[in-house]
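Let me begin by presenting the structure, written as structure tokens, before commenting on it.
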Amino acid sequence: MNFDKHGVLEMAPLEFGADRPKAANPIKINDVSLRDGHQSLFATRGRTEDMLPVAEMIDNAGYNAVETWGGATFDTMHRFLAEDPWERLRTLKKHMPKTPFSMLLRGQNVVGYRNYADDVVKAFVQRSIDNGMDIFRCFDALNDYRNFETAAQVIKDNGKHFQGVVCYTLNQPRLGGDVYNMDYYINKVKDLVEFGVDSICIKDMAGLVAPYDIYNLIREIKKFTDIPLNLHTHFTSGMADLAIFKAIEAGVDIVDTCIGPYAYRTSHAAVEPLIMSLLGTNRDSGMDINKITAIAEEMEKYIPKYKHLDNNPNYATTDINVLLHQTPGGMLSNLVNQLKAMNALDKLPEVFRLLPKVRKDLGNIPLVTPTSQIVGVQTVNNVLFDSYEGEYAQITKEVKDLCYGLYGKTTDPINPEVQKKALKDYPRGEEPITVRPGSILEPEMDAVKEEFKDFTQDIDDEVLCALYPVTGKRFLKWKYGKEEVPAEFQAKTMEQVEKEEELVRKALSGELTSKGNGGATRELEVKVDGEVFTVEINDPNATGAVAPRARRAKGGAKEVEATGSLLAPIPGMIVEFKKKVGEEVKAGETVVVLEAMKMMNNLDAAVDGVVTEIKFDSGDSVAKGDVLMVIEPKEA
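In this text, residue positions in the sequence shown follow the UniProt record's numbering: the first is 1, and each later residue adds one.
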């Protein structure tokens, strides 16, 4: 037997003879490894440099399309990886010129978490096309297709492919009931047909669809339209392989898969078993399994770079409980991380208990970005801050926007008591709207161009700042060398990974001492089988202090608090201070906007007074309990 340099047994390639017939109706397969695969498994942290070694190989594998962009990639790249999202699109296109590129577009949300003005949507879609995008998978979190209109017009004007999406969700373990049933989905598909889409995607973001439910749904859809149907499902519940096969039997045209190393768990079914299972049938993909295994072998080399981002390495491959709590993988990891940061992970069962109730209060909306975050964050707030169930003591800005109608029409009416409380003193008015949300939003691009003119150099920079004003500006400072990229945002090399793994081995075997012999040291946090170890190592380059993850305010949470000090109730990122030092504030007035789990939280002053000190800058990360602002109360 022969082994390669990585110790892997070398196998002879599988032979496909001339007797492999061309299928009468070959299934078309999309690859989503370069977007949804790493988004599902390691927090969208896949770097462009680790995609390039397989880019040409994937381009030659025979896929129908490759998802390379959209979803959370735009946000994560500039926020956490110090990479230009536009540059990734251009770079991958150079290496993958043959296979159509697809992206996930959140309709009027674009790639953000709120509905943007029409001019922002138009600019983003046009620049996406100009930079190399071919297929736009466009969804709306509420299945309100009015939120497609602006994006669709630009896509069609440019002759690109518009794929309309039905977001698949349930309010019970199987399809049926009085909300999300066969009639609901058939009617939504008919709406898309009337809209004039080029293809239709059934998007099952939480892995909820059961095999016979998707079989019956596809069969019913095929009775009234021949528009190509695409199934997108996650493996979370363990039913994805079964659902894909029943969908193929029912006549689905396209399915989404990942290459083995990026498949399963909260990701997607793997492509390799699908190719082999359909071999020689009338749905044979015609793809060469040898090309796929070669890609998988190359991709596996870079997995060690991302092990530390695996939120729960001890989780089983499947989680059937997703059928009960209905939580998509990305939403679940957000909930877990937020509760961990607040030392409240023990509250997760209570969050799961209340989540269906909050979802019902907010109109039984589908759980997909951004509505999954809206429901999830509000549920966490209710668990942590309510003195009684249903109080809604701290309502996020996004819930207020949802109640006003800025996200569109909810599946069911919103609980009127919650809606009334959310819209009390709401800046746009206390009476919700019923028109298309984008139609009431004022243009934004001209103001963005003026506000960020000292940081931007082209239209792509301007669109970035329109979508993400705080983190966008920070990224442009890095991009153009105005500020150094912090170490925590820089890419790891394989050499660094190997050194860290060696340190872990030594730490576990007792070969490392806890302190150096009087020399400079630094701490290294490592994770082994889900358990975190902090190892202190000798480092001649250390400064004697551990670099913090974010700039901390003087004294932080330990500082003696003055009356009127405003503390961070939850960990997050400072978006904006509404007041400056020396300005007067009134009790109940919003003075700080804090982003937590991608949702905006307005923090109000507790007293009338004057701002005497601001402890952080916009863009800084803060911990729970940090003093954000000091307000000197007015004398009675």
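Virtual Cβ for every residue (Gly too), placed ideally from N, Cα, C. Small disclaimer: the values here were computed from a predicted structure and weren't measured.
Among the options, nearest to residue i - alpha-carbon criterion
i	options	result
L52	M96, A270 and E272	M96
I155	D198, G619, Y145 and P569	D198
N171	T411, E635 and Y302	T411
residue 639	A61, K305 and A117	The chain is shown only over 1 to 636; residue 639 falls outside these bounds and no answer can be derived.
K190	Y180, V166 and A210	V166
V121	K479, M494 and L441	L441
M57	K580, Q163, L92 and L217	L92
residue 644	A623, G564 and I221	Residue 644 cannot be examined here, being either before or after the span of the chain that is shown, 1 to 636.
Y185	Q163, G196, F195 and I214	I214
K492	V383, Y302, P21 and M103	Y302
K421	A152, Y404 and V377	Y404
V435	Y212, A206, K347 and G408	G408
K98	V66, F124 and D119	V66
D626	T590, G572, V610 and K578	G572
T225	T233, V252 and H234	V252
F139	R20, A152, R359 and S128	A152
L594	P486, K578, P432 and A587	K578
L566	V591, Q394 and R359	V591
D75	G46, K586, D386 and N60	G46
I221	T236, I202, H234 and F235	I202
K479	D461, G286, G70 and A294	D461
P437	L41, A117 and D31	A117
Contact with chain B by residue i, beta-carbon distance below 8 angstroms
i	result
S102	Here there is only one protein chain, and chain B is not present.
Status (buried if at least 16 other CB within 10 Å, exposed otherwise) for residue i
i	result
residue 640	The structure shown does not extend to residue 640, since the chain spans only 1 to 636, so no value can be given for it.
C465	buried
Q457	exposed
G260	buried
P416	exposed
N109	buried
R505	exposed
K246	buried
R265	buried
K580	exposed
I320	exposed
S439	exposed
M133	buried
K473	buried
L278	buried
P443	exposed
G280	exposed
D19	exposed
T159	Just to set this straight, residue 159 is Gly in the shown sequence, not Thr. It counts as exposed.
L324	exposed
K22	exposed
R137	buried
I487	According to the sequence shown, residue 487 is Ala rather than Ile. The residue in question, A487, is exposed, as its Cβ has fewer than 16 Cβ neighbours within 10 Å.
E635	exposed
Residue i vs residue j beta-carbon contact at 8 angstroms
i	j	result
T257	I29	yes
I135	P100	yes
L142	P366	yes
Y392	V418	yes
A243	R219	no
P26	R283	yes
L339	L345	yes
L467	V111	yes
V322	L476	no
N601	T396	yes
L603	F616	no
residue 637	M182	Residue 637 is absent from the model: the chain starts at 1 and stops at 636.
H38	T471	no
K347	V383	yes
Y113	P370	yes
A206	T317	no
V54	M299	yes
I200	I227	yes
Integer-rounded CB distance, given that residue j should sit under 8 angstroms from residue i
i	j	result
I374	E398	5 angstroms
N364	V607	That pair is no contact at about 39 angstroms.
T44	A82	About 14 angstroms separates the two Cβ atoms, so there is no contact after all.
I254	N290	Not confirmed; about 23 angstroms, so no contact.
P569	K624	7 angstroms
Y262	S621	Rounded, the Cβ-Cβ distance is 29 angstroms, inconsistent with contact.
According to DSSP, residues forming a beta bridge with residue i
i	result
E483	Note: E483 sits in no beta bridge, so no partner.
C167	K203
T233	D204
M576	Rather than Met, the amino acid found at residue 576 in this sequence is Glu. For E576, which the question treats as bridged, DSSP gives the partners V593.
A270	C258
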